[in-house]
Amino acid sequence: MRRAARAVLAAAVRGRRDQGGPWGEAVLTEFDQTSGRWEALRWTAGGLRAVWHERRTRDLPRGVRIRRAIAGTAVLGLLAAFVINQFALTARFMPSGSMEPTVPVAGRFLLDKVSFRVTGLDRGDIVEFSIPEAPVRHTIKRVIGLPGDTITCVEGQVYRDGTLLDEPYLTGGQQTDDCGAPVTVPAGELFVLGDHREVSQDSRHWGPIPQGSVDGRLLTTIWSVPGVG
Amino acid sequence: MPRTPHASPQTLRLFAALLTDPTRWRYGYDLSRETGLASGTLYPILMRLSGQHLLDTGWEPSDEPGRPPRHTYRLTADGLALAENRLAVASKAGGNAAAFIPRQA
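Protein chains in written order, with the numbering used here: chain A, 171 to 399; chain B, 595 to 699.
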């Protein structure tokens, strides 16, 4: 045990060199004065802290300092990017034309995964959620009805609680067909429709979707492939 | 108000130990035993004092042949004045330093 403790301390003091810093060497020499297993362990534990302290305060050559700062920044930056991408803000590819023209097919958009949890969702927001029929796949649609809203379609027009919706994001007099019977959105669910009403598969087909399946809100579209969509 | 440097209870204990015989060179292990400070507390304080020229350091060849030399410490004239000043202030302030009871090393 004592020999193992001394070996650990020596490794910390010297690393791959023959000789460590003066303070580390001092701590290492004094190790031989300790008696017993516990005192040796305590000395080693404190010695590690002392060595760390010495390394932190020593003056390194400028080149080494700069290289370490760059490496440290890169590692931290990558970590931060990973965490942000995973939990806060990410870029997505739009594989379908169901949100034309707001989000063109093959376009890209930024998905905000945090703010809707704070502010809640509103009518008109575009949300990403897992498809009820195939939960591993995700899609984006526009929120038309919140819990309590009654959604009706009459002659290709959408009404919320009996009021005709103004839908400037629809192109060229599109009709909203196949809504079926009027739907009142239950608590904890959302009624969603795609902007490309003629092709979109949405709450007209699935019924309202659970709010728990929403994983983000569209922040903005970003560049899309020129000439496509 | 900025904190007074070199006035922590641990530093005061080290000062007290070094002042018992200011001219003698002291070993790190003995100081640790005397003050009850663990090596991880003691050595950073020694480094700091030495860096500000309050502490002299030296290497003393070991008595036993074949052993590496030991590092030794002694207060400089500046360090001595500062240590006496800090201990006087602390005892005037009401024994805050005495209230610090270290674990036995």
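Idealized CB from N, CA, C, for every residue including glycine.
- Contact between the segment 618-634 of chain B and the segment 199-207 of chain A is present, with at least three C-beta pairs closer than 8 Å.
- Per DSSP, the unbroken beta strand (DSSP E) holding residue 309 (chain A) starts and ends at 304-315.
- Residues of the segment 596-611 of chain B that bring their beta carbon within less than 7 Å of a beta carbon in chain A are absent altogether.
- Taking a cut-off of 8 Å on C-beta distances, the segment 288-296 of chain A does not touch the segment 340-359 of chain A, as fewer than three cross pairs fall below it.
- With 16 or more other Cβ atoms from the protein chains shown falling within 10 Å of its own Cβ, residue 626 (chain B) counts as buried.
- Counting C-beta atoms within 10 angstroms of its own C-beta, residue 365 (chain A) has 16 or more neighbours from the protein chains shown and is therefore classed as buried.
- Judged by their CB atoms, residue 224 (chain A) and residue 641 (chain B) are nearer to each other than the 9 Å cut-off.
- Taking a cut-off of 8 Å on C-beta distances, the segment 600-619 of chain B touches the segment 633-648 of chain B, as three or more cross pairs fall below it.
- Scanning A:194, A:371, A:346 for the CA closest to the CA of residue 226 (chain A) turns up A:194.
- A contact between stretches requires three or more CB pairs, one per stretch, nearer than 8 Å, and the segment 267-287 of chain A fails this requirement with the segment 317-336 of chain A.
- In the displayed model, residue 298 (chain A) falls within a strand according to three-state DSSP.
- Boundaries of the alpha helix (DSSP H) harbouring residue 243 (chain A): 232-257, taken from the DSSP string.
- Within chain A, the residues 192, 193, 195, 196, 199, 200 have their CB atoms less than 8 Å from the CB of residue 665 (chain B), given in chain order.
- Cα atoms of residue 207 (chain A) and residue 183 (chain A): separation of roughly 20 Å, rounded to the nearest angstrom.
- At least one CB atom of chain B sits nearer than 9 Å to the CB of residue 212 (chain A).
- Secondary structure note for residue 327 (chain A): it is in no alpha helix (DSSP H), and the uninterrupted beta strand (DSSP E) holding it is 327-330.
- Contact between the segment 348-359 of chain A and the segment 298-306 of chain A is absent: fewer than 3 CB-CB pairs across the two stretches fall below 8 Å.
- Runs of the alpha helix (DSSP H) lying entirely within the segment 269-297 of chain A, each at least 4 residues long, are 285-289 in chain order.
- Contacts between residue 633 (chain B) and chain A, judged by CB atoms closer than 7 Å, involve 197, 213, 216, 217, 220 in chain order.
- In the structure shown, the three-state DSSP call for residue 386 (chain A) is strand.
- Here residue 667 (chain B) is bridged, per DSSP, to B:620, B:651.
- When the beta-carbon positions are compared, residue 258 (chain A) and residue 278 (chain A) stay at least 9 Å from each other.
- Of A:362, A:217, A:314, the smallest CA-CA separation from residue 177 (chain A) is found for A:217.
- By the Cβ test, the segment 652-664 of chain B is not in contact with the segment 232-244 of chain A, since fewer than three Cβ pairs between them sit closer than 8 Å.
- For residue 622 (chain B), the C-beta contacts it makes with chain A under 8 Å involve 196, 197, 200, in order along the chain.
- Excluding its 5 nearest sequence neighbours in each direction, residue 220 (chain A) has C-beta neighbours in its own chain below 8 Å: 193, 194, 197, listed in chain order.
- Taking the beta carbon of residue 638 (chain B) as reference, the chain A residues within 7 Å of it are 220, 223, listed in sequence order.
- Per DSSP, residue 197 (chain A) is one residue of the alpha helix (DSSP H) stretching across 192-201.
- Counting the other Cβ atoms within 10 Å of the Cβ of residue 312 (chain A) gives 16 or more, which makes it buried.
- Residue-level contact by beta carbon fails for residue 618 (chain B) and chain A, as no gap is shorter than 9 Å.
- Around the C-beta of residue 372 (chain A), 16 or more other C-beta atoms lie within 10 Å, and the residue is accordingly described as buried.
- Under the DSSP assignment, residue 224 (chain A) falls in the alpha helix (DSSP H) whose first and last residues are 207-227.
- Beta-bridge annotation (DSSP): residue 352 (chain A) is not paired with any residue.
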